[in-house]
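Visitor:
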Amino acid sequence: MSNQRYFTITRENASPNKTTGKWKVKLPWEFITSENYPKTIEVMNFVYFNLNGQLDIGVSCHGSFNYDSPENDQMICFSTYGNMTPKHFNINKNITRIEIWFKDYKGKSIFPVGLWDEYFILELNLHY
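When the count follows numbering that gives the first Met the number 0, it moves up by one through the sequence shown with no breaks and lands on 127 for the last residue.
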């Protein structure tokens with residue numbers, strides 16, 4: 000029997016690396032310890048707010064769990080105004096954490112600058 004859990008990633012539960020521009024996120028223990036394979040990470044929604052607190056539509060989100068598109072720098076979605084079509088990514092190995100990173104509309108990496116300069120919400124549904 001498969002389980003699922005809604006999981007929201009924000010800057011409050013992610014650790015930034017100012018050198019690489021990637022945010023590390025520890026996955027819930029239920030997902031880590033589950034022996035059901037394949038596990039799935041379903042991307043439900045992504046919003047990104049710029050330095051002025053405005054919704055930034057041109058930002059792409061990339062994830063280390065996207066093993067299918069290395070040619071696109073593991074892109075998983077673009078920021079949206081509202082609901083997007085969910086995307087599913089199968090996980091066939093044991094992972095304990097993931098990394099996410101962002102790029103602007105020109106494809107340039109966005110690095111975390113200060114403590115509260117930008118804000119993001121990535122909504123996932125974990126199937127395990």
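Just so it is clear, CB atoms sit at the ideal spot from N, CA and C, and this is done for glycine as well.
Under the rule that 16 or more other beta-carbon atoms within 10 Å means buried, what is P111, buried or exposed?
Guide: What you label residue 111 is simply residue 112 of the sequence shown in a count that begins at 1. Per the 10 Å Cβ criterion, buried.
Visitor: Where DSSP assigns a beta bridge to I99, which residues make up the other side?
Guide: Counting from one through the sequence shown, the residue named residue 99 turns up at place 100. Bridge partners of I99: W22 and G62.
Visitor: With distance defined between alpha-carbon atoms, name the residue in F101, W100, G106 and I8 nearest to E41.
Guide: Your numbering for residue 41 matches position 42 in the sequence shown. Each of F101, W100, G106 and I8 was checked against the Cα of E41, and the nearest Cα belongs to I8.
Visitor: By the 10 Å Cβ neighbour count, where 16 or more other Cβ atoms means buried, how is Q73 classified, buried or exposed?
Guide: As a working note, residue 73 is residue 74 in the sequence shown. So Q73 counts as buried.
Visitor: How would you label N65, buried or exposed, when you count the other beta carbons within 10 angstroms and need 16 or more for buried?
Guide: Translated into the one-based positions of the sequence shown, residue 65 becomes position 66. N65 is buried by the Cβ-count criterion.
Visitor: Report the CB separation of N44 from E122 in whole angstroms; it is logged as a contact under 8 Å.
Guide: In the sequence shown, the residue the question calls residue 44 occupies position 45. In the sequence shown, the residue the question calls residue 122 occupies position 123. Their Cβ separation, rounded to whole angstroms, is 4 Å, which keeps N44 and E122 in contact under 8 Å.
Visitor: Short check: CB of I97 to CB of V24, under 8 Å?
Guide: By one-based count along the sequence shown, residue 97 stands at place 98. By one-based count along the sequence shown, residue 24 stands at place 25. A contact, by the Cβ cut-off of 8 Å.
Visitor: In whole angstroms, give me the CA-to-CA distance for G106 and W100.
Guide: Translated into the one-based positions of the sequence shown, residue 106 becomes position 107. Translated into the one-based positions of the sequence shown, residue 100 becomes position 101. Going from the Cα of G106 to the Cα of W100 covers about 12 Å.
Visitor: Out of H126, H61, P85 and F77, which one is the CA nearest neighbour of G20?
Guide: Translated into positions along the sequence shown, residue 20 becomes position 21. It is H61.
Visitor: Run the CB neighbour count on W22, radius 10 Å, all protein chains shown included, and call it buried at 16 or more, exposed below.
Guide: By 1-based counting over the sequence shown, the position of residue 22 is 23. Under this definition W22 is a buried residue.
Visitor: Spell out the partners DSSP gives E41 in its beta bridges.
Guide: The count along the sequence shown starts at 1 and reaches residue 41 at position 42. Partner(s): H87 and N124.
Visitor: Give the straight-line distance between the Cα atoms of L50 and S33, rounded to the nearest whole angstrom.
Guide: Residue numbering aside, residue 50 sits at position 51 when the sequence shown is read from its first letter. Residue numbering aside, residue 33 sits at position 34 when the sequence shown is read from its first letter. If you take the alpha carbons of L50 and S33, they lie about 39 Å apart.
Visitor: Between S59 and the rest of its own chain, which residues show a CB-CB distance below 6 Å, the 5 nearest in sequence each way excluded?
Guide: For the purposes of this step, residue 59 is taken as the residue at position 60 of the sequence shown. Correct list, in chain order: M74, F77 and K102.
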